[in-house]
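FYI, the numbering for the sequence shown is 1 to 187, going by the working numbering. Glycine residues also receive a C-beta, built at the ideal position from the N, C-alpha and C atoms.
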Amino acid sequence: EVSLTDAPSARVIGAYLRKRRHGVRSHLFARSVLTLPRTPEEYLAGRSRRAVRTNRSHAAKLGITCVGLYDSVSAQDAVRRLTGTARLINPDVLLAQTTDNWLIALDQSGEAVGGVLVTIDRQWAMFTILVGSSSSVRYMLHTDLVLKLIGMGVQHLFATTESALLMPPGLQHLQRVLGYQVVNLRL
Numbered sequence: 001e002v003s004l005t006d007a008p009s010a011r012v013i014g015a016y017l018r019k020r021r022h023g024v025r026s027h028l029f030a031r032s033v034l035t036l037p038r039t040p041e042e043y044l045a046g047r048s049r050r051a052v053r054t055n056r057s058h059a060a061k062l063g064i065t066c067v068g069l070y071d072s073v074s075a076q077d078a079v080r081r082l083t084g085t086a087r088l089i090n091p092d093v094l095l096a097q098t099t100d101n102w103l104i105a106l107d108q109s110g111e112a113v114g115g116v117l118v119t120i121d122r123q124w125a126m127f128t129i130l131v132g133s134s135s136s137v138r139y140m141l142h143t144d145l146v147l148k149l150i151g152m153g154v155q156h157l158f159a160t161t162e163s164a165l166l167m168p169p170g171l172q173h174l175q176r177v178l179g180y181q182v183v184n185l186r187l
């Protein structure tokens with residue numbers, strides 16, 4: 001069950017989940033949800049997270065770092081740079097989401113090479129977009145996001161993607177590697 005607070009970010013998550021398509025709240029069915037463990041070590045442990053650790057390590061060796069952007073000027077600058085590299089196609093829509101947080105991946109020269117946009121409530125987080133110049137960058141962004149959320153005490157993460165049942169097989173596989181499970185949600 002999705003339990004949300006009365007915060008503005010919770011209202012954004014709730015509005016997304018309550019949207020109706022052909023009279024049905026389709027965003028509640030067959031969602032890929034990552035249940036977050038209590039510690040970062042638990043998330044990274046085990047054979048099932050080998051690809052996560054390996055790709056994150058590759059990105060670190062390339063000098064990729066992730067930084068959170070908490071003011072609108074920094075976010076606008078990073079989003080415009082990502083747009084310039086054709087990694088984002090709708091920057092104005094994304095920047096209008098004022099309850100969200102950006103985590104940006106930077107290369108050694110400080111150039112933005114990826115980003116993830118996330119809406120965070122107390123127990124639930126929803127990411128709207130995750131883009132990166134390579135799979136290693138995307139793994140690093142996702143893993144750093146998960147570790148940040150664990151540190152904040154968030155318990156569940158889901159993406160605003162289509163139903164897990166309709167995703168291409170490659171994306172379904174990636175979500176399994178990252179630890180997501182397909183569930184039906186209730187508000």
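Query raised in the report: From T161 to H27, what does the alpha carbon distance come to, in whole angstroms?
Result: Position 161 of the sequence shown holds residue 161. Position 27 of the sequence shown holds residue 27. Their Cα atoms are separated by approximately 9 Å.
Query raised in the report: If you draw a straight line from the alpha carbon of Q108 to that of A59, how long is it in whole angstroms?
Result: Here residue 108 refers to the residue found at position 108 when the sequence shown is read from its first residue. Here residue 59 refers to the residue found at position 59 when the sequence shown is read from its first residue. Here the C-alpha atom of Q108 lies approximately 11 Å from the C-alpha atom of A59.
Query raised in the report: Per DSSP, H156 is paired with what?
Result: In the sequence shown, residue 156 corresponds to position 156, counting from 1. Answer by DSSP bridge pairing, in chain order: T35, W124.
**Report entry** Beta-ladder partner(s) of V131, from DSSP
**Finding:** Numbered from its first residue, the sequence shown carries residue 131 at position 131. Answer by DSSP bridge pairing, in chain order: G115.
Report task. Just tell me which of S32, Y43, L4 has its CA closest to the CA of Q175. Result -> In the sequence shown, counting from the first residue as 1, residue 175 sits at position 175. Selected option, being the one with the closest Cα: S32.
**Report entry** DSSP three-state assignment for D100, whether helix, strand or coil
**Finding:** Here residue 100 corresponds to residue number 100 of the sequence shown, with the count starting at 1. It is a strand residue.
Query raised in the report: For G68, which residues does DSSP report across the bridge?
Result: Stepping through the sequence shown from its first residue, residue 68 is reached at position 68. In the DSSP output, where bridge partners are listed per residue, G68 has L103.
Query raised in the report: Is the distance from the Cβ of L103 to the Cβ of V93 below 8 Å?
Result: In the sequence shown, counting from the first residue as 1, residue 103 sits at position 103. In the sequence shown, counting from the first residue as 1, residue 93 sits at position 93. In this structure, V93 does not lie closer than 8 Å to L103 by Cβ.
**Report entry** Sequence-distant residues of its chain with Cβ nearer than 8 Å to K19 (five each side left out)
**Finding:** Here residue 19 is taken as the residue at index 19 of the sequence shown, counted from 1. These residues qualify, in order along the chain: R25, S26, H27.
Query raised in the report: Is the CB-CB distance between A75 and L165 below 8 Å?
Result: The residue labelled residue 75 in the question sits at position 75 within the sequence shown. The residue labelled residue 165 in the question sits at position 165 within the sequence shown. Cβ distance not < 8 Å, so A75 and L165 don't count as in contact.
Query raised in the report: For Q172, which of helix, strand or coil comes out of DSSP?
Result: Here residue 172 is taken as the residue at index 172 of the sequence shown, counted from 1. Of the three classes helix, strand and coil, the one that applies to Q172 here is helix, per DSSP.
**Report entry** Exposed unless 16 or more other CB atoms sit within 10 angstroms - verdict on N55
**Finding:** Locating residue 55 in the sequence shown gives position 55, counting from the first residue. It counts as buried.
Query raised in the report: In terms of alpha-carbon separation, which member of R38, V67, I120, A112 lies closest to A7?
Result: Walking along the sequence shown from the start, residue 7 turns up at place 7. A7 has its Cα closest to that of I120, out of R38, V67, I120, A112.
Report task. Could you tell me which residues DSSP pairs with R21 in its beta bridges? Result -> The residue you call residue 21 lines up with position 21 of the sequence shown. DSSP lists V24 as partners of R21.
Query raised in the report: Taking the Cβ atom as the reference point for each residue, do L141 and A112 lie within a distance shorter than 8 Å?
Result: Numbered from its first residue, the sequence shown carries residue 141 at position 141. Numbered from its first residue, the sequence shown carries residue 112 at position 112. It is not a contact, given that the beta carbons lie outside the stated cut-off.
Requested in this report: Indicate whether the contact test is met: 3 or more Cβ pairs, each with one atom in the stretch 149 to 160 and one in the stretch 45 to 52, closer than 8 Å.
Outcome: no
Query raised in the report: Cβ atoms of R186 and V2: under 8 Å apart, would you say?
Result: Within the sequence shown, residue 2 is the residue found at index 2, counting from 1. Within the sequence shown, residue 186 is the residue found at index 186, counting from 1. Yes, the pair counts as a contact, with Cβ atoms nearer than the cut-off.
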